[in-house]
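Taking it in order: structure first as structure tokens, then the write-up.
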Amino acid sequence: MSDELIALKLKPGEEDRLQAGHRWIFSNELSEIPEAAPGALAVLQSSRNKTLGIGFYNPKSLIAFRLLAREPAPINAEFLRDRLEAALNRRKRYLGEEATAYRLCFGESDELPGLIADRFGDVIVLQVLSAGIQNLIEPLVEALRGLLDPVAIYQKNDHPSRQLEGLSGKSGAIFGELPAEMVIEENGLKFAVDPVGAQKTGFYFDQRENRMAITPFVKGKCVLDLYCHSGAFALNAAKHGAIRVFGIDSSERAIESAVTSAKLNGLEGKCDFRVGDAEKMLADFSATRQNFQPDVVFVDPPSLVPSKKHLTKALRAYVKINANAFRLLRRGGIVATSTCSNHISRQAFMGILREAASKAQKTVRLLEMRGAAKDHPTLITMPETEYLHFALLEIG
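Mapping of the sequence shown onto our numbering: position 321 corresponds to residue 321, and the numbering continues sequentially without gaps.
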């Protein structure tokens, strides 16, 4: 098999980051860029001809090499199943044997670079973000079927990073057929899931534990859930004693899912979900406080930083959103706020919150800082795998 591999060589001194545990090599770190199809398997060598590993090579991408294994090995359905089984066993250990809804594979953190796989009971939803994984889609389906015996595997191809890998393609089922209705359970609640029409794979598993962290603060309170998507934060609040919950999202399909989920849990009497511009409504509420003064506000916007060039503009937007949330609350109010971009570090997130508190002229106390759920593990040697920051704040 080694005859089929593309041979890559690093420039002198460029192997340190990979040897320290990172999984990517950038195009400017290679001594040359040989011609090859995107996602071709390649063996990487140091400038001194030491073999460093096998991985995916894409001459059209800034991330030219994604490490699969330190030692060359056949990359086939058996290899993929071994990696997926290891990932599955980690989820069973983190979440319990009975769990059936979670992120099964989190790309580089589970040693399958560019593969996002979410499990919704008997359905697997994939986001393929590297050309190498796309080239292996058939053995990947074989591995998933052998491991979990799903009724359907759906591939969602709308993630913008696919374009950076030279990938296109329509979303759709690549095995079986999606059930007409999909319902999962999380934290004792039932949720209607819509992989076809919703954002990402259909549900945000990364906030699972953060949704539980808000429960001590919502009993007897009025709650505003901004960018509520399918209402997971709102419904957790309603379940744990909130007297009234308002959820706002710009997606009509997400709001439809939220309304359905409220009915599934018998919480429709407490929950009011509306289609709207969350940022505009928050600004209006903060300026006038007309007819509405919540005790708790959840701020969970989608990523505003598609690339580094958008960072400065995004930071200003995050400051504005959080400042308006702080202004809206009385003394003792609670804000649970998040960012979900790996371009924003935890330090930068704290800077956002400090500036927002200054602009709002509010005393803001940090009660807790959290990250993504355990099925989204961070590689401590690869900062790019840490992307979600979540803060619980008290307004003074």
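Yeah, the Cβ is synthetic: ideal placement off N, Cα and C, and Gly gets one too.
Review point. Excluding the five sequence neighbours on either side, which residues of its own chain have a C-beta within less than 7 angstroms of the C-beta of Lys190, listed in chain order?
Key: Val183, Ser261, Leu264, Asn265
Practice item. Following the continuous beta strand (DSSP E) through Tyr102, name the residue where it begins and the one where it ends. Key: 101–106
Exercise for review: Could you spell out where the beta strand (DSSP E) holding Ile241 opens and where it closes?
Suggested key: Rather than Ile, the amino acid found at residue 241 in this sequence is Gly. Unbroken run through Gly241: none, as it is neither H nor E.
Review point. Roughly how many angstroms lie between the CA atoms of Met281 and Pro72, to the nearest whole one?
Key: 55 angstroms
**Study point:** Where Ser338 falls: helix, strand or coil (DSSP)
**Key:** strand
Review point. What is the residue span of the alpha helix (DSSP H) that Lys359 lies within?
Key: 346–360
Review point. Is Ala254 helix, strand or coil when you go by DSSP?
Key: helix
Check your understanding: Leaving out the 5 sequence neighbours to the left and right, which residues in its chain are closer than 6 angstroms to Leu392 when beta-carbon positions are compared?
Key -> Ala336, Leu367, Glu368
Point to revise | Distance, Glu4 Cα to Thr339 Cα | key: 42 angstroms
Exercise for review: At 4 residues or longer, and completely inside the segment 186–235: list those alpha helix (DSSP H) runs for me, N to C.
Suggested key: 208–213
Point to revise | C-alpha gap between Val141 and Gly166, whole angstroms | key: 22 angstroms
Review point. What three-state label does DSSP hand Ile33 in the structure shown?
Key: coil
Check your understanding: Within 8 angstroms (strictly less), CB to CB, does Ile153 reach chain C?
Key -> Note that chain C does not occur in the displayed structure, where there is just one protein chain.
**Study point:** Rounded C-alpha distance that separates Cys222 from Lys362
**Key:** 20 angstroms
Check your understanding: Should Gly371 and Phe349 be called a contact, given that it needs their Cβ atoms to be closer than 8 angstroms?
Key -> no
Check your understanding: Between Glu108 and Phe298, what straight-line distance do the alpha-carbon atoms span, to the nearest angstrom?
Key -> 30 angstroms
Review point. How would you write the range of the alpha helix (DSSP H) that Lys320 sits in, first residue to last?
Key: 311–328
Point to revise | For Gly132, the three-state DSSP class (helix, strand or coil) | key: helix
Practice item. Label Ile54 either buried or exposed according to how many other C-beta atoms from any shown protein chain fall within 10 Å of its C-beta, with 16 as the threshold for buried. Key: buried
Check your understanding: Which partner residues of Tyr154 appear in the DSSP bridge assignment?
Key -> Val125, Ala173
**Study point:** Where the beta strand (DSSP E) through Gln293 begins and ends
**Key:** First-last for Gln293: undefined, no H or E at that position.
Point to revise | Other residues of its chain near Ala87: CB distance less than 7 angstroms, five sequence neighbours each side excluded | key: Leu104, Cys105, Asp110
Exercise for review: Output the boundary residues of the alpha helix (DSSP H) element that contains Gly146.
Suggested key: 137–148
Practice item. Hey, could you find the ends of the alpha helix (DSSP H) Lys92 is sitting in? Key: 77–95
Point to revise | Close Cβ partners of Val218 (< 7 angstroms) along its chain, the five nearest in sequence each way excluded | key: Ala237, His240, Gly241, Ala242, Val296
Check your understanding: Leu267 and Phe246 look like a contact to me (Cβ under 8 angstroms); what is the Cβ gap, rounded to whole Å?
Key -> Not really, about 13 angstroms apart at Cβ, beyond 8 angstroms.
**Study point:** Buried versus exposed call for Ala131 [16 or more other C-beta atoms within 10 Å across all chains shown]
**Key:** buried
**Study point:** Cβ-Cβ separation, Pro59 to Val125 (assumed contact under 8 angstroms), whole Å
**Key:** The pair is not a contact, with the Cβ atoms about 30 angstroms apart (cut-off 8 angstroms).
Point to revise | Arg91 versus Ala36: straight-line alpha-carbon distance, rounded | key: 36 angstroms
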